[in-house]
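**Student:** If you count the sequence shown from 1, you need to add 160 to reach my numbering.
Don't be surprised by glycine CBs; every beta carbon is placed ideally from N, CA and C.
Every value quoted in this text rests on a predicted model; they were computed, and no experiment measured them.
Submitted below is the structure of interest, expressed as structure tokens.
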Amino acid sequence: MKRSIPCRSRTRTWTLLAICAAAAVACGDGDENTAPGGGSVPQSKASADSAAVLAATTAPTATAFAASWAECAREHQVCSFEGTRNVRFGTEASYVAQTRTGSVLCNSIVFGSDPAIGTLKSCWVESGEPAPSPAPAPAPVPAPAPPATSTWLQCAREHQTCSFSGTRKVRYGTETSNVTKIGVTSLLCNSTTFGTDPAVGILKTCWTESTTTTPAPAPAPAPTPVPAPAPVPAPAPVPAPAPAPAPAPAPSPAPAPGATWTECAREHQTCSFTGTRRVRYGTATANVIATRTGSVVCNSITFGTDPAVGILKTCWVESTTTTTPAPSPAPAPAPAPAPAPTPAPAPAPAPAPGTAGPRVSTFTSSGPITASAGQVISGVRIQNPNGPCITVPSGATGVVIRDSDIGPCGGNANIFIEGANATVEYTYVHN
Numbered sequence: 161m162k163r164s165i166p167c168r169s170r171t172r173t174w175t176l177l178a179i180c181a182a183a184a185v186a187c188g189d190g191d192e193n194t195a196p197g198g199g200s201v202p203q204s205k206a207s208a209d210s211a212a213v214l215a216a217t218t219a220p221t222a223t224a225f226a227a228s229w230a231e232c233a234r235e236h237q238v239c240s241f242e243g244t245r246n247v248r249f250g251t252e253a254s255y256v257a258q259t260r261t262g263s264v265l266c267n268s269i270v271f272g273s274d275p276a277i278g279t280l281k282s283c284w285v286e287s288g289e290p291a292p293s294p295a296p297a298p299a300p301v302p303a304p305a306p307p308a309t310s311t312w313l314q315c316a317r318e319h320q321t322c323s324f325s326g327t328r329k330v331r332y333g334t335e336t337s338n339v340t341k342i343g344v345t346s347l348l349c350n351s352t353t354f355g356t357d358p359a360v361g362i363l364k365t366c367w368t369e370s371t372t373t374t375p376a377p378a379p380a381p382a383p384t385p386v387p388a389p390a391p392v393p394a395p396a397p398v399p400a401p402a403p404a405p406a407p408a409p410a411p412s413p414a415p416a417p418g419a420t421w422t423e424c425a426r427e428h429q430t431c432s433f434t435g436t437r438r439v440r441y442g443t444a445t446a447n448v449i450a451t452r453t454g455s456v457v458c459n460s461i462t463f464g465t466d467p468a469v470g471i472l473k474t475c476w477v478e479s480t481t482t483t484t485p486a487p488s489p490a491p492a493p494a495p496a497p498a499p500a501p502t503p504a505p506a507p508a509p510a511p512a513p514g515t516a517g518p519r520v521s522t523f524t525s526s527g528p529i530t531a532s533a534g535q536v537i538s539g540v541r542i543q544n545p546n547g548p549c550i551t552v553p554s555g556a557t558g559v560v561i562r563d564s565d566i567g568p569c570g571g572n573a574n575i576f577i578e579g580a581n582a583t584v585e586y587t588y589v590h591n
């Protein structure tokens, strides 16, 4: 009894025919040999040929398709489409095909074979239209404009406070060796705040990152060459006047009794000594004095102010030895013609308000001040060529000096401090 089988695809028809052929041979429909003693066995040649046909028809084939194929799913996904279509499962080089309606699960179980073992497979659906021409290559995307470089503005020196608005990135160190940190409103400019010392032994600075970038300036036009001026005739030489007799060298000023100062440390080092001594911190022309016992760290935090902003400072300790008396002055030389007086230099303008100086722009002029305990000295401008501008005696504790312009002053210090717990802040100290 024969049974009709509908042919859905050419590949599937050949597979079924091969299976039927193999079954027929196995059932004895082919030629037979008579076995000894009776009976029959299938010919070995027929069995081998049938196996070869079965293997050839069930193996994956790489069939060339004239129609256009569109990828519809990856392995183990569902390939969906409209109507009845041919669906291909496998790779570009090895695949099998079936005819399906509506959708099909893209795997080896549904298609009855694994045409590319060990390789990730896909499903394609036949579109019935010729394959479209490949799309032209897209035009290259222009490279993005380079990001604007950050602009850094100096906001404080080491051990001062860097203040700004909002949240900013703050850089601490030198131009060539620095670290950065995100801060809100203000940061103390020191190694403790930033967690490291990026330039050991060097005075460091803090900068804030600007939130706006400055466009590059347009190139300046080339200057028009200026014609060379005609040479000016040299004036007739003036006879040189008779040289004035050289004055005898002026004697060195006699040092103040008991005020011999010996360098004991550089900035950020420790100045050690015996007993209770007066210690001077700053430079030879701008410094402050405090009384300490045993040792003191030579920095602006210990002395309450920075008497020479941006300059490497030193500490000196007052010696207890007696100074050598000044030598007798040499006899006065013959008087020479008095030269024309040199005009006095104009006074330096008051510094702008900010974290490195006073927070005010106007000051009240004052003479020298001797502070008392708990006194707050604020908003004054003091000049005293004959001695310290402000003196804090040993009994005056808790004195605060702020928002002032101190200097130039005479003596050994602009601000002479002996009292305990004195504070100097937001003050410009100078000579």
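State buried or exposed for P545, treating a residue as buried only when at least 16 other CB atoms are found within 10 Å of its CB.
**Tutor:** The sequence position of residue 545 within the sequence shown is 385, counting from 1. Looking at its Cβ environment, which holds fewer than 16 other Cβ atoms inside 10 Å, P545 is exposed.
**Student:** Does the beta-carbon distance from T587 to P528 come in below 8 Å?
**Tutor:** Residue mapping note: residue 587 aligns to position 427 of the sequence shown, counting from 1. Residue mapping note: residue 528 aligns to position 368 of the sequence shown, counting from 1. No; because the gap between Cβ atoms is not below 8 Å, this pair is not in contact.
**Student:** Alpha carbon to alpha carbon, how far is G278 from P358? Give it in angstroms, no decimals.
**Tutor:** Locating residue 358 in the sequence shown gives position 198, counting from the first residue. Locating residue 278 in the sequence shown gives position 118, counting from the first residue. Approximately 57 Å between the Cα atoms of the pair.
**Student:** If we call anything under 8 Å between Cβ atoms a contact, is A276 one with S254?
**Tutor:** For the purposes of this step, residue 276 is taken as residue 116 along the sequence shown, with counting starting at 1. For the purposes of this step, residue 254 is taken as residue 94 along the sequence shown, with counting starting at 1. Contact: yes.
**Student:** Taking all protein chains shown into account, do 16 or more other C-beta atoms lie within 10 angstroms of the C-beta of H236, making it buried, or fewer, making it exposed?
**Tutor:** Here residue 236 refers to the residue found at position 76 of the sequence shown. By the neighbour-count rule (16 or more Cβ atoms within 10 Å), H236 is not buried but exposed.
**Student:** Using C-beta distances below 8 Å, list every residue in its chain close to T321, excluding the 5 sequence neighbours before and after it, in chain order.
**Tutor:** Here residue 321 refers to the residue found at position 161 when the sequence shown is read from its first residue. S346, L347, L348, C349 and T515.
**Student:** Taking Cβ to Cβ, would you say G570 is nearer than 8 Å to G547?
**Tutor:** Numbered from its first residue, the sequence shown carries residue 570 at position 410. Numbered from its first residue, the sequence shown carries residue 547 at position 387. Yes, Cβ-Cβ distance for G570 and G547 is below 8 Å.
**Student:** Mind checking which residues open and close the alpha helix (DSSP H) that includes S460?
**Tutor:** For this step, residue 460 is matched to residue 300 along the sequence shown. Its alpha helix (DSSP H) spans residues S460 to F463.
**Student:** Which of the three DSSP states, helix, strand or coil, is assigned to A178?
**Tutor:** Within the sequence shown, the letter at position 18 stands for residue 178. Per-residue confidence for A178 stands at a pLDDT of 32, beneath the threshold of 50, marking its modelled position as unreliable; the derived number appears in the next sentence. Residue state, collapsed to three classes: helix.
**Student:** With DSSP as the reference, label S323 as helix, strand or coil.
**Tutor:** Stepping through the sequence shown from its first residue, residue 323 is reached at position 163. Strand at S323.
**Student:** Quick check: the segment 468-480 against the segment 452-459, are there 3 or more CB pairs under 8 Å?
**Tutor:** yes
**Student:** If you count every other CB in all the chains shown that lies within 10 Å of the CB of E427, and 16 or more means buried, which is it?
**Tutor:** Counting from 1 along the sequence shown, the entry for residue 427 is found at position 267. Buried is the call here.
**Student:** Pull the bridge partners of L347 from the DSSP assignment, please.
**Tutor:** For the purposes of this step, residue 347 is taken as the residue at position 187 of the sequence shown. The partner list for L347 (beta bridge, DSSP) reads C322.
**Student:** Candidates V256, V264, G355 and A533: which alpha carbon is nearest I577's?
**Tutor:** Taking the sequence shown and counting its residues from 1, the one referred to as residue 577 is at position 417. Of the candidates V256, V264, G355 and A533, the one whose C-alpha sits nearest the C-alpha of I577 is A533.
**Student:** In the DSSP assignment, what are the bridge partners of S538?
**Tutor:** Taking the sequence shown and counting its residues from 1, the one referred to as residue 538 is at position 378. In the DSSP output, where bridge partners are listed per residue, S538 has R562.
**Student:** Report all residues from its chain with a CB closer than 6 Å to the CB of S310; omit the five preceding and five following residues, and keep chain order.
**Tutor:** By one-based count along the sequence shown, residue 310 stands at place 150. Only E369 meet the Cβ criterion.
**Student:** For N581, count neighbouring Cβ atoms within 10 angstroms of its own Cβ and tell me buried if that reaches 16, exposed if not.
**Tutor:** Within the sequence shown, residue 581 is the residue found at index 421, counting from 1. So N581 ends up on the exposed side.
**Student:** Going by DSSP in three states, I269 sits in which element: helix, strand or coil?
**Tutor:** In the sequence shown, the residue the question calls residue 269 occupies position 109. Secondary structure at I269: helix, using DSSP grouped into helix, strand and coil.
**Student:** Around the C-beta of V360, are 16 or more other C-beta atoms found within 10 angstroms, so that it is buried, or is it exposed?
**Tutor:** The residue labelled residue 360 in the question sits at position 200 within the sequence shown. With fewer than 16 Cβ atoms within 10 Å of its Cβ, V360 is classed as exposed.
**Student:** Nearest by alpha-carbon distance to G464: which of I575, V247 and S323 is it?
**Tutor:** Taking the first residue of the sequence shown as 1, we reach residue 464 at position 304. For G464, the nearest C-alpha among the options comes from I575.
**Student:** Kindly indicate the opening and closing residues of the beta strand (DSSP E) around S526.
**Tutor:** If you number the sequence shown from 1, residue 526 lands on position 366. Its beta strand (DSSP E) spans residues T524 to S526.
**Student:** Confirm, please, whether the CB-CB distance from V448 to R317 is below 8 Å.
**Tutor:** Looking up residue 317 in the sequence shown gives position 157. Looking up residue 448 in the sequence shown gives position 288. Taking a C-beta distance under 8 Å as the contact criterion, R317 and V448 do not qualify as a contact pair.
**Student:** Residues in the same chain with beta-carbon distance under 6 Å from A222, minus the five sequence neighbours each way, listed in chain order, please.
**Tutor:** As a working mapping, residue 222 is identified with position 62 in the sequence shown. At A222, the pLDDT of 39 sits below 50, so the modelled position is not reliable; the number obtained from the coordinates is stated separately. When the five nearest sequence neighbours on each side are left out, the beta carbons in the same chain lying within less than 6 Å of the beta carbon of A222 are those of A253 and S254, in order along the chain.
**Student:** For K364 and G343, which I take to be in contact (beta-carbon distance under 8 Å), what is that distance rounded to the nearest angstrom?
**Tutor:** In the sequence shown, the residue the question calls residue 364 occupies position 204. In the sequence shown, the residue the question calls residue 343 occupies position 183. 16 Å between Cβ atoms; not a contact.
**Student:** According to DSSP, simplified to helix, strand and coil, what is T557?
**Tutor:** The residue labelled residue 557 in the question sits at position 397 within the sequence shown. T557: coil per DSSP, three-state reduction.
**Student:** Which of helix, strand or coil does DSSP assign to T551?
**Tutor:** The residue labelled residue 551 in the question sits at position 391 within the sequence shown. Looking at T551 - three-state DSSP - the assignment turns out to be strand.
**Student:** In whole angstroms, what is the alpha-carbon distance linking W421 and S325?
**Tutor:** Within the sequence shown, numbered from 1, the residue matching residue 421 stands at position 261. Within the sequence shown, numbered from 1, the residue matching residue 325 stands at position 165. So the alpha carbons of these two residues sit roughly 44 Å apart.
**Student:** Provide the residue(s) that pair with Y441 in DSSP beta bridges, ordered along the chain.
**Tutor:** Numbered from its first residue, the sequence shown carries residue 441 at position 281. Answer by DSSP bridge pairing, in chain order: V448 and C475.
**Student:** Output needed for E585: all residues of its chain with C-beta closer than 6 Å, excluding positions within five of it in sequence on either side, in chain order.
**Tutor:** As a working mapping, residue 585 is identified with position 425 in the sequence shown. The residues are R562.
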